[in-house]
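Have a look at the structure below, then the notes.
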Amino acid sequence: MSEALGRRGFLGLAGVAGLAAITGCGADGGAAAQPTQGGRLRAVYAGGGAKEVLDPHVQSLFVDIARHKAIYEKLVELGPDLKPVPRLASKWEHDGTGTTWRFSLRDATFHDGAKLVAEDVLYSIARIVNPAVPDRVAQSSLATLDLKRSKAIGPATVELVLTQPNAEFPALLAGIGTQIVRNGFKDPAKPVGTGAFRYVSFEAGRSMVASRYDDYWDEPARIEELHILSADSEARANAVQGGQAEYANDMTATFARTAEAGKTVRIVAAKASTMQAFVMKVDQAPFDNPDVRLAFKLVADRQRLVDVVLAGRGEVGNDLFGKGYQYYPADLPARERDVEQARSLFKKAGLAGKEVEIFTADASAGFVEAATLLAEQVAEAGVRLKVTTGSPQTYAKDLLTKGAIGNHRSGAMPIPQYVTDRLLSHSPFNVTHWRRPAFDTAFAAARAVTDETERSRRYGVLQKTVRDEGGILAWGLPDYLIAVSSKVQGVQAVPPNTLDQGRFDKVWLA
Amino acid sequence: MRSYAAQRAGLAIVQLALLSVLVFVLTSLLPGDAADLRFTETLSPEQVAALRGELGLDQPPVERFVHWLGNVFTGDLGTSLISGGPVADIVRNSIGATLVLTLVTLAIVVPLAVALGIVMGTRENGRVDRTITSITLALSAIPDFVIAVVLVAVFSLKLGWLPATWIGGNLLSSPALLILPIAVLFGRTVCLLSRQVRAGTVAALNAEYVTQARRLGIPRRQLLLRHVLPNAAVPGVQELARTGDTLLGGVLVVEAIFAIPGFATALVDGVETRDIPTVQGLTLVLAIAALLINLGADLVCNRLVPRTEALR
């Protein structure tokens with residue numbers, strides 16, 4: 167693994183930038199704009215009130231992730247195509263089976279001047295997986311780590327051992343809540359990391375202030391001071407338009423349209439980088455019948471859903487997660503709408519004229535609208551869809567148990583992680599109840615294949631099965647929208663959860 | 065007077081007790097608990113279950129309530145289920161902004177409303193009275209959030225004169241943050257209050273004793289200040305206490321629109337995250353404040369016009 171982005175990564179980035187150029191919004195040109203030094207950047211994210219934390223291993227909100235990213239770093243990060251790229255680990259290799267992994271550490275220093283060593287990595291990982299503390303988010307994804315057999319090979323090399331082979335291990339180290347802290351780190355209120363910014367102050371639900379760390383290993387930041395602030399969507403819009411912030415995360419399509427009409431704010435759109443879907447529980451009537459699942463996939467008017475629910479800011483989905491990411495089977499034909507075939511499938515399943523209930527909630531922008539629109543479309547094929555709206559706060563949990571069909575959205579993550587979290591028999595977030603032992607076995611086997619081409623081929627086969635037989639009706643791939651003040655340069659149009667998203671050491675104020 | 069105050073204070077304690085039971089029951093009835101809400105794609109069901117145990121949410125509700133009540137009597141508002149820190153900290157951190165907003169609003173509203181009310185009342189049905197009445201009625205009919213959105217659109221986004229939100233700001237360095245929120249809160253309260261003062265003034269001016277005083281030749285200025293105002297103020301003071309409620313509703317809207325980290329924001333957050341101890345603590349403090357204001361208002365009225373005591 168080289169230090170530069172792999173070829174695939176580069177092409178992915180170029181593709182995104184190219185698209186952005188065509189639509190006139192997105193990554194900055196670069197060539198003409200000469201980076202300048204200094205200044206203060208204020209970035210606003212959706213807040214979480216008292217829920218916000220400084221502890222990087224407890225994070226789950228975007229605002230927390232952005233704060234921790236400024237101060238801390240991970241061994242590995244994700245590139246624009248969600249493929250692992252080196253960060254604190256400059257390179258890695260495994261024993262040939264994907265069970266024992268060696269990571270070489272970069273010559274980095276913590277904000278207190280201490281050098282990053284293997285013990286820091288071992289301590290951080292032990293802290294994350296400590297079962298006595300249930301709120302460490304990466305606990306289940308790193309569950310196969312064998313702590314006892316993992317060890318330091320020298321100050322700059324660490325060996326991590328797994329209980330079972332996993333070729334995707336580096337990607338797991340790039341997941342949420344996997345930051346490297348100092349050996350002996352106890353008090354999250356005094357954050358000391360290796361990141362581009364050093365901690366100044368924090369108030370949960372309001373703000374974090376950080377200042378440039380001059381000895382940062384990867385070229386010190388251009389801006390002097392970074393404020394990461396919390397506010398809801400409306401206030402974010404007002405702040406970035408009114409000049410109280412220079413960067414606003416996760417904006418609505420409606421706002422983007424208004425903003426683009428003016429001159430003060432620019433929209434940076436990561437094209438089609440997340441997923442909106444309907445999920446059908448494959449073990450519940452009527453969706454236990456594959457014909458009904460297929461009929462729903464055929465009857466959905468994807469383009470109309472994208473036009474209405476996403477205000478056109480996105481692409482149609484092909485019933486699969488992860489378009490544009492590593493391992494996505496891009497050669498599958500797009501699903502075309504076919505109301506007649508859907509009608510005959512409904513008739514065959516004995517569902518014609520019957521009523522099905524869709525469970526939704528105002529948990530995410532567009533959920534209820536999408537459900538209502540789907541009801542209209544399904545009615546065209548002779549089935550009534552009754553929209554039931556639940557509580558937005560508990561929707562994530564309710565979706566697992568309530569209703570036979572509901573709304574689902576997913577942010578960016580590597581495809582194998584999506585499968586692990588949602589499509590295996592014991593997945594914690596298996597919203598479609600897709601439980602097939604043969605699928606589990608085939609996936610575990612594929613994940614252990616160390617040859618990337620062969621692994622990719624096997625993943626492709628599994629994904630095709632999910633697309634054709636599974637319960638995911640992925641209708642839309644929304645753009646991820648960020649608003650920046652027109653004087654901010656260097657903001658990349660990349661999916662959320664990737665290295666270059668919300669990365670403030672590379673931006674500058676013109 | 066003293067026995068009246070004692071009686072009212074006793075009633076207040078009963079009200080507080082009932083309120084805290086009610087708030088506890090209502091928040092417990094909300095779907096999901098604080099652990100459920102932590103369930104996202106990142107925490108496994110096992111982790112959530114462990115968390116529930118850690119937060120004590122597996123205890124029976126009655127036990128949790130009694131525990132909370134016991135703490136309150138020792139002056140401890142309990143621990144937030146979300147932040148893990150003391151609820152008292154959340155109260156302390158959020159009360160400042162709300163207090164400043166409320167007090168500054170009242171400091172502007174009260175003198176202005178009294179002045180407007182007297183001007184209107186002394187010119188009953190005259191041109192001035194009708195003009196002010198129309199304006200205040202029209203203003204009070206517009207919802208707070210509409211006023212807020214319009215003010216932000218004009219003065220922040222269009223003209224760029226005033227900050228649109230409190231994001232990243234602080235009052236000491238930029239007092240201008242207060243202007244728009246207070247403008248919103250000001251509108252409705254001044255309208256309601258001035259109308260009450262006007263009504264009181266009209267009633268007092270038409271009262272028998274004022275006619276008598278006039279016959280005795282008491283100068284107009286003295287008549288207004290000594291005889292009309294105290295009587296006219298009674299509905300005003302009562303309204304002022306009620307303004308507290310209106311103001312709170314307004315503050316809720318204003319805090320949301322301007323991203324003000326105040327009491328209302330903390331309360332909404334608490335409800336949304338099912339952080340019951342925090343919701344309990346915040347409502348208790350609010351309830352005590354409301355009771356004190358109402359008690360104060362009653363005592364003031366009692367003092368202004370002592371004969372009202374006889375009527376009770």
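Note that the protein sequences, when read in sequence, are chains A and B.
With the numbering used here applied, the first sequence covers 167 to 676.
With the numbering used here applied, the second sequence covers 65 to 376.
Positions of the beta carbon are idealized from the N, C-alpha and C atoms, including for glycine.
Since the structure is predicted, the reported quantities are computational estimates derived from the model, not experimental observations.
Is the Cβ of residue i closer than 8 Å to any Cβ of chain B?
i	result
A/HIS223	no
A/THR664	no
A/PRO582	no
A/SER373	yes
A/ASN332	no
A/GLN157	No answer is possible for residue 157 of chain A: it lies beyond the span of chain A, which begins at 167 and ends at 676.
A/LYS217	yes
A/ALA425	no
A/ARG669	no
A/ASP301	yes
Quick one: measure Cβ to Cβ for residue i and residue j, integer angstroms, because I've assumed they're closer than 8 Å.
i	j	result
B/GLY334	B/LEU141	Actually they do not touch by this definition, with Cβ atoms about 12 Å apart.
B/LEU368	B/ALA297	6 Å
B/LEU441	B/ILE231	Here chain B has residues from 65 to 376 only, and residue 441 of chain B is not among them.
A/GLU523	A/THR567	Not really, about 14 Å apart at Cβ, beyond 8 Å.
B/GLY314	B/ASP208	5 Å
A/TYR379	A/ALA209	With a Cβ gap of about 17 Å, A/TYR379 and A/ALA209 do not count as contacting.
Under three-state DSSP, which class holds residue i?
i	result
A/GLU523	strand
A/PHE363	strand
B/VAL82	Residue identity check: residue 82 of chain B is Leu in the sequence provided, not Val. Helix, per DSSP.
A/GLU325	strand
B/ASN366	helix
B/LEU121	coil
A/SER396	strand
B/LEU68	Looking at the sequence provided, one finds Tyr at residue 68 of chain B rather than Leu. Note: B/TYR68 maps to helix in three-state DSSP.
A/GLY181	Reliability fails at A/GLY181, whose pLDDT of 39 lies under 50, so the model's placement of it is uncertain and no value is given.
A/HIS592	coil
A/VAL657	coil
A/HIS234	helix
A/ASN404	helix
A/SER607	The amino acid occupying residue 607 of chain A in the given sequence is Thr; Ser does not appear at that position. Helix.
B/ALA152	helix
A/GLN442	strand
A/GLY552	The sequence as given places Lys at residue 552 of chain A; Gly does not occur at that position. Here A/LYS552 sits in strand by DSSP.
A/HIS277	coil
B/LEU34	Within the shown structure, residues of chain B are numbered from 65 to 376, placing residue 34 of chain B beyond reach of any answer.
A/ARG470	helix
A/LEU269	Residue 269 of chain A is actually Phe in this sequence, not Leu. Strand, per DSSP.
A/ASN484	coil
When the cut-off is 8 Å and only beta carbons count, does residue i lie next to chain A?
i	result
B/ASP339	yes
B/GLU118	yes
B/ILE154	yes
B/ASP333	yes
B/PRO227	yes
B/ALA212	no
B/ALA240	no
B/GLY160	no
B/ILE199	no
B/ALA114	yes
B/ILE231	yes
Which residue marks the beginning of the beta strand (DSSP E) containing residue i, and which one marks its end?
i	result
A/HIS260	255-260
B/GLY251	Not the beta strand (DSSP E): B/GLY251 falls in the alpha helix (DSSP H), residues 243-269.
A/TYR289	From DSSP, A/TYR289 is part of no beta strand (DSSP E) but of the alpha helix (DSSP H) over 284-295.
A/ALA649	646-651
A/LEU511	Here A/LEU511 belongs to no beta strand (DSSP E); instead the alpha helix (DSSP H) covers 505-514.
Can you tell me where the alpha helix (DSSP H) holding residue i begins and where it ends?
i	result
A/PRO456	456-465
A/ARG624	618-635
A/LYS563	561-567
A/LYS317	Taken as a continuous stretch (DSSP letters only), A/LYS317 belongs to no alpha helix (DSSP H), being part of the beta strand (DSSP E) at 317-320.
A/PHE376	Strictly speaking, residue 376 of chain A in this sequence is Ala, with Phe absent from that position. Run containing A/ALA376: none in the alpha helix (DSSP H); it sits in the beta strand (DSSP E), 373-378.
A/PHE335	335-338
A/GLU535	533-545
### Query
For the region 299-344 of chain B, which segments carrying the alpha helix (DSSP H) assignment without a break, of at least 4 residues, lie completely within its bounds, in sequence order?
327-336
### Query
Can you list, in chain order, the stretches of the alpha helix (DSSP H) that have 4 or more residues and sit fully within the region 407-439 of chain A?
419-427
### Task
Starting from the N-terminal side, write out each stretch of the beta strand (DSSP E) that is 3 residues or longer and does not extend beyond the region 180-230 of chain B.
none
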